[in-house]
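A.B. asks: The structure that follows is given in the form of C-alpha cells.
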Amino acid sequence: MIAPAGAATEPTRPSTTSTELRLWDLLLDSPQAPMSRPSYTVSKGTIYAVLLTLFVSLCSNLSTLWTLRGKPTPIAVQIKDDSVLFLPANVHYASLTVEESDRYDLHNELDWSSLFPKGHGFVRLPSTDPEDSSGHVFFAISMYHQLHCLNSFRRLTVNAASGNVSQHHLDHAVHCLSYLRQLLLCHADVALEPARPADTVNGGQTQAVYGEGTTHVCRDWAQVRAWAENNYDEWRKDDVYEVSEGGTLVNVNNAAASPSPHRHAHATDSNSTKPQHSHDHHHHGQVNN
C-alpha cells in the first residue's frame, strides 16, 4: 500500500469485526483520502456481490472483444444435439455501405443467380454421431437460405403479376416470411440510418429513412462463398447426393429421399462480386451494385 503524500507513517486502520469490513480500508490507498474521513460499514456480502458483478462484466467484454477479432468458433457436430452450430471457418469482418442500385431488379434472373455459390450453400461436415454410418452430415449455410427466401419473394411477385401462383408458392412464402422475420430479429442490426426531410404524397412534410449511405459491419461474404465452394468440390466427388438445378439436395440413388424443396432450395449457381480483401480481421468490403 502507498502512504498518502506527506505522511511519515501508515495511518492507523479502524478496527473491524469478523463479519464487517469498513469502507475506510478501501479508501486508505488513495493519496487524496483525508485522514479524518468518516467510516461507513459495508457488509462482506455486498462487496462480494460487487466483485462478482465486475467479474461477470469483464468476462462479457472479453468475450465480445474475442468475437470481434474474428476468432473461429470450434464446433462439434452433434446431429442429435440442440447446440448452436457455426461454419468451422475463421470468417473475417467487412463493411458494406448501402447504395441505390439498378441491378437485382424483379426480372433479372442472372444477377440474382450470381449470389449463390456452387452447391447452392450446402456443406458437408464430419459427424460425431456413432449411429451415422456415413460419417458425415449436410447443412445449409444460413446466409444462402436467407437469400433463397428473398429470391423466392421476388419470383412470387413476378408470378403474381401473371396470375401464375400455386399453393406451393404460397406455402413457401409463409415459411420464408416467418424465417426471415426471426433471423432479422436475431441479428438485430443496430446501425443508425439518418432520416431526411421529404415530401409526402399529399404535399406534406415528413422525415424519411432510405438507408442509402449507411455503412454496416458484416462478415466477409466472399470468404464464406469460397469456403462453401471448396467444401462442395470435396464432397461432390464421392457422395450420393447432388444439388439439382432448382437448388434441392437430391440423393441420386433415391430421388424421393430429397428434402422438401421449400426448406433448403436455392437458386442456380454463378459468380458474384466480392468485397475488397485485407489481412485485418475488420476490413472494408465493396459490392458492385
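For the sequence shown, UniProt numbering gives the first residue as 1, with consecutive numbering after it. We treat Cβ as the ideally placed atom computed from N, Cα and C, and that holds for glycine.
When you compare only the Cα positions, how much space is there between Trp-235 and Asn-151?
C.D. replies: Rounded to the nearest angstrom, the two C-alpha atoms are 26 Å apart.
A.B. asks: If you draw a straight line from the C-alpha of Ala-94 to the C-alpha of Ile-141, how long is it?
C.D. replies: So the alpha carbons of these two residues sit roughly 18 Å apart.
A.B. asks: Determine the DSSP secondary structure at Glu-242, reduced to helix, strand or coil.
C.D. replies: Three-state DSSP puts Glu-242 in a strand.
A.B. asks: Quick check on DSSP: helix, strand or coil for Val-123?
C.D. replies: Strand, per DSSP.
A.B. asks: So for Ala-188, helix, strand or coil by DSSP?
C.D. replies: In this structure, Ala-188 counts as coil in the three-state DSSP scheme.
A.B. asks: Mind checking Pro-194: buried by the 16 CB within 10 Å criterion, or exposed?
C.D. replies: So Pro-194 ends up on the exposed side.
A.B. asks: For the stretch 96-142, list the beta strand (DSSP E) runs that are entirely contained and at least 3 residues long, ordered along the chain.
C.D. replies: You should have 122-126 and 136-140.
A.B. asks: Which residues share a DSSP beta bridge with Gln-205?
C.D. replies: Paired residues: Asp-199.
A.B. asks: If you check the beta carbons only, do His-216 and Leu-96 fall under 8 Å apart?
C.D. replies: Cβ distance < 8 Å, so His-216 and Leu-96 count as in contact.
A.B. asks: When the Cα of Thr-157 is compared with those of Leu-106, Leu-110 and Asp-171, which residue comes out closest?
C.D. replies: If we check each option's Cα against that of Thr-157, Leu-106 comes out closest.
A.B. asks: Relative to the C-alpha of residue 290, which residue among Val-137, Leu-110 and Gly-204 is closest?
C.D. replies: What the structure shows of the chain is the stretch from 1 to 289, and residue 290 is not part of that stretch, so it cannot be assessed.
A.B. asks: So, with DSSP's three-state summary, where would you put Ala-222?
C.D. replies: If DSSP states are grouped into helix, strand and coil, Ala-222 belongs with the helices.
A.B. asks: Which of the three DSSP states is assigned to Ile-79 in this structure?
C.D. replies: With a pLDDT of only 46 at Ile-79, under 50, the local geometry of the prediction cannot be trusted, and no value is derived from it.
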